[in-house]
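**Student:** Here it is: the structure, laid out below.
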Amino acid sequence: MSAAPVRKFVLEELENIGSPLRYEEMFHNPEDIDDAKEIMIHLIAEHDLIPLLKTMKKRDHYTFYHSLDVLIIGCLLMNNLYNEPEKLEDAALGFLLHDIGKMNLPQEFAHLKRKLTVEEFEMVKTHTTEGYQWLLENGFSETIARYALNHHERLDGSGYPYGKTEDDFTISEKCLMVVDVFSALTFDRPHRNKFSVTEAIQILLQEDNTFEMNMIFSLMSTLRLNPQEKTGSAEPAEKFETVVKLHPPKKYTASVDAIINWKRNTLAESITTLTNALVEDDRRAAFELFFEMCDGMSIENIFTNVITRTLKEIDHQYKNNYITKKSSIDAAAVIQLVVDYMTRDRTRKLPMNEGNVLLTTGHSDDCIYKEPVLTWYITENLLKIHNWSVDTQSSRLHKSTLMECIEKNKVNIVGFSITTEESFADFSDKAEAIRKNFPEVKITAAHSSLTAINRNVIDFYNVHPKNFLKYAKKCQESWK
Ligand SMILES: [Fe+2]
Ligand SMILES: [Fe+2]
């Protein structure tokens, strides 16, 4: 197809995205935006994509505009990262067609004004594998098809369809993961209003370990959200009144000192408010806040970013005598209800065939405070959602009972929670017995002063729920 009608189509449709000035307002960089538009025109003409895009627009308005949007923003980000035009074209085509698998979903999905049910969401997930197949069958390369397949995967293994991890992705696939979410958040949807650019970035930044953090920082610099890096005539700070300090995770090196136009509470603030509502036993406020915070989050992130952090906060308040033991136990009980509620539907019908895990405790029976046990409860549910069979023993087992349990249930991984130093000897004794009797069984344990015990008997130290799942998947490779 010749370029002229394509140019007209592209320029008109881009005008329809958000405000006519979406990119100009966001990026302050007219040349790069023009380049991205030219790439889009060129690709659509070369691959004769107008009929496909028109069908897409008719079936699913949002996905059509989102696809154009992801191409533009993705190109701007890739340009910022590489400035290598050859790489850019392949990536741009992959960006444009990443959601093509959605064309196979029932059309009413595109117009739902409510959240998807669990079953509907399972169907939506297939747009990754379906898109991959469709692209291969229609003459696109494996490289292009992989964008469709991998764009909902996450670096920590929490994504779909396969739960792949960090090493499985190219840089441009990692770029798409970030841009896809950023684009989605900054569009109005039938069930929610759009987030501002800075709110969207804040949400991405909260997803620790999920996205390539440096990719998010690079997007911020593309968006000129880092006043230190502003160049030329663009003066974004002038457009905003409030300047709020941002503290990105310390392990990343990018120098982001401030972010402007902050509106949404940070997750840390929300967790403090949630904790206060819980310890004051204001359940109604707690539930409301909880569901507001978790809106749109994956279950893994709800568990790790909201629930586990709230538990930690309660534990902290109790240990520092800000609240009574009773308040902390009551608050933890409410959290347990929430975990139950969130997982009930998800764990009911699944075949538990990924492997067998035994979660037990090294602390003594008279430990009343239930926080560590509740952490196991969260881990248990997270593993179950991912089809692991889990047996949780919340009181200390006798050594011989533990051995019987491992043998009888063909346990692959044993997790210990150890809360008091007095239980170190007991733990070491049991761990050594497992080593001797079941050398293939993996042992994990958690305690802040684990250095005090014999590390040789432990395979993995960090039992934060999400890391536990990741580790379990890794172990699986050795026995499958
Ligand atoms: Fe998608
Ligand atoms: Fe998408």
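In numbering that gives the first Met the number 0, the protein residues as written are 0 to 479. Every residue gets a Cβ at the ideal spot worked out from N, C-alpha and C, and that includes glycine.
So which residues touch the region around ligand 2, with touch meaning a C-beta under 5 Å from any heavy atom?
**Tutor:** Asp98 and Asp179
**Student:** Let me know the secondary structure DSSP gives Thr359 once reduced to three states.
**Tutor:** In the sequence shown, counting from the first residue as 1, residue 359 sits at position 360. Thr359: strand per DSSP, three-state reduction.
**Student:** Given a cut-off of 8 Å on the beta-carbon distance, is the pair Gly73 and Leu175 in contact?
**Tutor:** As a first step, residue 73 must be located in the sequence shown, where it is residue number 74. As a first step, residue 175 must be located in the sequence shown, where it is residue number 176. Yes, these two residues count as a Cβ contact at 8 Å.
**Student:** Is His60 near ligand 1, with its Cβ less than 7 Å from a heavy atom?
**Tutor:** In the sequence shown, counting from the first residue as 1, residue 60 sits at position 61. Judged by the Cβ position, His60 fails to qualify as a neighbour of ligand 1 at the 7 Å threshold, every heavy atom of the ligand being at least this far.
**Student:** Using alpha carbons as the reference points, say which of Pro105, Gly156, Ile301 and Glu312 lies closest to Met55.
**Tutor:** Translated into the one-based positions of the sequence shown, residue 55 becomes position 56. Closest by alpha carbon: Pro105.
**Student:** May I ask you to verify whether the stretch 88-100 touches the stretch 137-156, counting CB pairs closer than 8 Å and requiring at least 3?
**Tutor:** Touching, per the Cβ criterion.
**Student:** What number of angstroms, rounded off, separates the C-alpha of Gly130 from the C-alpha of Ser427?
**Tutor:** On the sequence shown, residue 130 is found 131 positions in, with the first residue counted as 1. On the sequence shown, residue 427 is found 428 positions in, with the first residue counted as 1. About 50 Å.
**Student:** Is Leu277 buried or exposed, if buried means 16 or more other CB atoms sit within 10 Å of its CB?
**Tutor:** Working through the sequence shown from its first residue, we reach residue 277 at position 278. Buried.
**Student:** In terms of alpha-carbon separation, which member of Asn411, Ile143 and Thr185 lies closest to Glu198?
**Tutor:** Residue mapping note: residue 198 aligns to position 199 of the sequence shown, counting from 1. Glu198 has its Cα closest to that of Thr185, out of Asn411, Ile143 and Thr185.
**Student:** Taking Ser399 as part of the beta strand (DSSP E), name the residues at either end of that continuous run.
**Tutor:** Along the sequence shown, one-based indexing puts residue 399 at 400. According to the DSSP assignment, Ser399 belongs to no beta strand (DSSP E) but to the alpha helix (DSSP H) extending over Lys398 to Lys407.
**Student:** Taking 8 Å as the threshold, find out whether the stretch 125-145 comes into contact with the stretch 432-444 through three or more Cβ pairs.
**Tutor:** no
**Student:** Round the Cβ separation of Ala44 and Val5 to the nearest angstrom and send it over; I've been treating them as touching at under 8 Å.
**Tutor:** One-based indexing of the sequence shown puts residue 44 at position 45. One-based indexing of the sequence shown puts residue 5 at position 6. Right, their Cβ atoms sit about 4 Å apart.
**Student:** Thinking C-beta only, is Asn355 closer than 8 Å to Lys409?
**Tutor:** The count along the sequence shown starts at 1 and reaches residue 409 at position 410. The count along the sequence shown starts at 1 and reaches residue 355 at position 356. For Lys409 and Asn355, yes; Cβs fall inside 8 Å.
**Student:** Determine the direct distance from the alpha carbon of Phe120 to that of Glu11, and round the result to whole angstroms.
**Tutor:** In the sequence shown, counting from the first residue as 1, residue 11 sits at position 12. In the sequence shown, counting from the first residue as 1, residue 120 sits at position 121. The straight-line gap from Cα to Cα measures roughly 33 Å.
**Student:** Give me the Cα-Cα distance between Thr62 and Thr342, rounded to the nearest whole angstrom.
**Tutor:** Locating residue 62 in the sequence shown gives position 63, counting from the first residue. Locating residue 342 in the sequence shown gives position 343, counting from the first residue. Cα-Cα distance, rounded: 29 Å.
**Student:** Measuring from the CB of His151, is there a heavy atom of ligand 1 at a distance below 7 Å?
**Tutor:** Numbered from its first residue, the sequence shown carries residue 151 at position 152. His151 Cβ: within cutoff of ligand 1.
**Student:** Going by other Cβ atoms of all chains shown within 10 Å of its Cβ, with 16 needed for buried, is Thr568 buried or exposed?
**Tutor:** Residue 568 is absent from the structure shown; the chain starts at 0 and stops at 479.
**Student:** Can you tell me whether DSSP reads Thr323 as helix, strand or coil?
**Tutor:** The residue you call residue 323 lines up with position 324 of the sequence shown. Looking at Thr323 - three-state DSSP - the assignment turns out to be coil, as it is neither helix nor strand.
**Student:** Taking only three categories from DSSP, how would you classify Ser416?
**Tutor:** The residue you call residue 416 lines up with position 417 of the sequence shown. Three-state result, Ser416: strand.
**Student:** Considering Ser171, what are the terminal residues of the beta strand (DSSP E) in which it resides?
**Tutor:** Here residue 171 refers to the residue found at position 172 of the sequence shown. First-last for Ser171: Ile170 to Leu184, but that is the alpha helix (DSSP H), not the beta strand (DSSP E).
**Student:** Cβ of His41 versus every heavy atom of ligand 1: is any distance shorter than 7 Å?
**Tutor:** Here residue 41 refers to the residue found at position 42 of the sequence shown. Flag unset: Cβ of His41 not near ligand 1.
**Student:** Going along the chain, which residues of its own chain have a beta-carbon closer than 7 Å to the beta-carbon of Arg263, five neighbours each way excluded?
**Tutor:** Counted from its first residue, the sequence shown places residue 263 at position 264. Residue confidence is low: Arg263 scores 41 on pLDDT, short of 50, so the model does not pin down where it sits. No coordinate-derived value is stated.
**Student:** From Tyr470 to Ala3, what distance separates their C-alpha atoms?
**Tutor:** On the sequence shown, position 471 is the one that residue 470 refers to. On the sequence shown, position 4 is the one that residue 3 refers to. Tyr470 and Ala3: Cα-Cα distance of roughly 54 Å.
**Student:** Out of curiosity, what's the CA-to-CA distance linking Val333 and Leu203?
**Tutor:** Residue numbering aside, residue 333 sits at position 334 when the sequence shown is read from its first letter. Residue numbering aside, residue 203 sits at position 204 when the sequence shown is read from its first letter. If I take the Cα positions, the gap works out to 28 Å.
**Student:** Is it buried or exposed for Arg283, if we count other Cβ within 10 angstroms and need 16 for buried?
**Tutor:** Against the sequence shown, residue 283 aligns to sequence position 284. Counting Cβ neighbours within 10 Å, Arg283 comes out exposed, since fewer than 16 surround it.
**Student:** Shorter than 7 Å, the distance from the beta carbon of His126 to the closest heavy atom of ligand 1, or not?
**Tutor:** In the sequence shown, counting from the first residue as 1, residue 126 sits at position 127. His126 Cβ: within cutoff of ligand 1.
**Student:** Might you give, ordered along the chain, the residues of its own chain that have their beta carbon closer than 7 Å to the beta carbon of Arg58, omitting 5 neighbours on each side?
**Tutor:** Within the sequence shown, numbered from 1, the residue matching residue 58 stands at position 59. Same-chain partners within the cutoff: Met102, Gln106 and Ala109.
**Student:** In this structure, does DSSP put Thr209 in helix, strand or coil?
**Tutor:** The residue you call residue 209 lines up with position 210 of the sequence shown. It is coil, neither helix nor strand.
**Student:** Starting from Val440 and walking both ways along the alpha helix (DSSP H), at which residues does that stretch end?
**Tutor:** Here residue 440 refers to the residue found at position 441 of the sequence shown. Note, Val440: premise wrong, no alpha helix (DSSP H); not H, not E.
**Student:** Restricting to Cα atoms, I'd like to know which of Asp33, Ile32 and Leu67 is closest to Ile49.
**Tutor:** Counting from 1 along the sequence shown, the entry for residue 49 is found at position 50. For Ile49, the nearest C-alpha among the options comes from Leu67.
**Student:** What first and last residue would you give for the alpha helix (DSSP H) that runs through Ser66?
**Tutor:** Along the sequence shown, one-based indexing puts residue 66 at 67. Segment His60 to Leu80, the alpha helix (DSSP H) holding Ser66.
**Student:** Exposed or buried, which one is Gly156 when buried takes at least 16 other CB atoms within 10 Å?
**Tutor:** Numbered from 1 along the sequence shown, position 157 holds the residue referred to as residue 156. Burial call: buried.
**Student:** Assuming Ile405 contacts Ile433 under a Cβ cut-off of 8 Å, what Cβ separation, rounded to an integer in Å, is found between them?
**Tutor:** Position 406 of the sequence shown holds residue 405. Position 434 of the sequence shown holds residue 433. Contact flag correct, Cβ pair sits at about 7 Å.
**Student:** By the 10 Å Cβ neighbour count, where 16 or more other Cβ atoms means buried, how is Glu439 classified, buried or exposed?
**Tutor:** Looking up residue 439 in the sequence shown gives position 440. Counting Cβ neighbours within 10 Å, Glu439 comes out exposed, since fewer than 16 surround it.
**Student:** Quick one: what's got a C-beta closer than 6 Å to Thr391's C-beta in the same chain, skipping five residues either side?
**Tutor:** For the purposes of this step, residue 391 is taken as residue 392 along the sequence shown, with counting starting at 1. Leu358, Trp375 and Glu379, listed in sequence order.
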